[in-house]
Structures are given as C-alpha cells and as structure tokens.
Amino acid sequence: MKISKKMEDTNNRQMNEELFSEYLYLSMSAYFEAQNLKGFAHWMRKQADEEREHAMRFYNYLFDRDGTAVFEAMKKPDAKWASPLAAFQAAYKHEQYITDRIHKLHDLAMREGDKATMSMLKWFIDEQVEEEASALEIVQKLKAIGKSVNGLMYLNKALAKRE
Ligand code: FEO
29 MKISKKMEDT NNRQMNEELF SEYLYLSMSA YFEAQNLKGF AHWMRKQADE
79 EREHAMRFYN YLFDRDGTAV FEAMKKPDAK WASPLAAFQA AYKHEQYITD
129 RIHKLHDLAM REGDKATMSM LKWFIDEQVE EEASALEIVQ KLKAIGKSVN
179 GLMYLNKALA KRE
C-alpha cells in the first residue's frame, strides 16, 4: 500500500536525522583524530557508518512503499568538545533525542493506522536501546578514568577494536 503523504514526510524527516547523526559522529571522529586518540576516532567512524545504514533503511523503506526520499539541508555539527567525556556525553544525549524521535514516529504511525511503518520501526526501537547503552557505557568508563592518562590510553586501545 502506498505510504500516506504525512508518513512519507515524517519518515523522510527521520532519514535526515540519521544522516545528521552520521555527520555529527564524523565530526566527533575528526575531533578525536586531531588529538591523536585514534581508538576513539575509529569508534566514532564506525558509529557514523552505522548511522548511514540507519538512514538507508528509511531510504529503502520509502521506495518500497512507493514514496520517495527527500534530502534536507544539513545543520553544522559541533566541531569541538571540552573533553572526551563531554563528547561522549553529547553522543549519549543525541541518542536519547533520536530515541524520542523514533518513539514519536511510532506513535504517529499508530494514530495513522500505518501498520507497515510500525513494524519497520520495531527494529529501530530495539536498536536505540543498544545505541544509548553503548554511548552510556563509554561515558561511565570515562568518568571512572577521570584524569588518568593511562586509563585514557587503555580505553583508546580498547575502542580501536570496534568491528
Ligand atoms: Fe541511528 Fe545512533 O541512531
């Protein structure tokens, strides 16, 4: 069944949010790269890759439902953070925002009786639990590390292993 205009627009909005997430995490990756924290930079780059995949899920879904993908102007992401902890706190906050967007999109699909969108969003609802958990885990590790350079280097090495 062809997607309604309202659902097409809101799915497009979320596709653009996912693309902004990619952009934001690339900016965070560059921030870490500039500090020679290559493990952190690698983790953020992998995260950015995941966000592109999220955006493409919406892109594909829109065409599967006989809609189209519409790209908006991208806002400028922050480029600097006060510390690695501040960057990961910002990432965690961003994921909480994305979770809220996904839940609101699901609520709208429910109101509109759009069962296909509700079903597609199930994957995203589960994924957001993971997304928040992985950002929060690193926030907590960075808090525990405090000002220890050794601790930071140890975490840097661990994050370099993200597949
Ligand atoms: Fe696409 Fe990190 O949520």
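Counting from 1 along the sequence shown, just add 28 to a position and that's the residue number in our numbering.
Positions of the beta carbon are idealized from the N, C-alpha and C atoms, including for glycine.
- Below 8 Å, too few C-beta pairs join the segment 118-127 and the segment 174-186 to call them touching: fewer than three.
- Under the 10 Å beta carbon count, Ala163 is surrounded by 16 or more other beta carbons and is classified as buried.
- The beta carbons of Arg190 and Lys74 sit about 5 Å from each other, so the pair counts as a contact at 8 Å.
- Around the CB of Asn40, 16 or more other CB atoms lie within 10 Å, so the residue is classed as buried.
- Annotation for Ala115: Met56, Tyr59, Trp109 place their beta carbon closer than 7 Å to its own, counting only its chain and skipping 5 residues before and after.
- A heavy atom of ligand 1 is found nearer than 6 Å to the CB of Ser49.
- The residues Ala76, Glu79, Arg80, in chain order, have a CB closer than 6 Å to that of Glu50 in the same chain once the five nearest residues on each side in sequence are set aside.
- With a minimum length of 4 residues, the unbroken runs of alpha helix (DSSP H) contained wholly in the segment 51-135 fall at 66-92.
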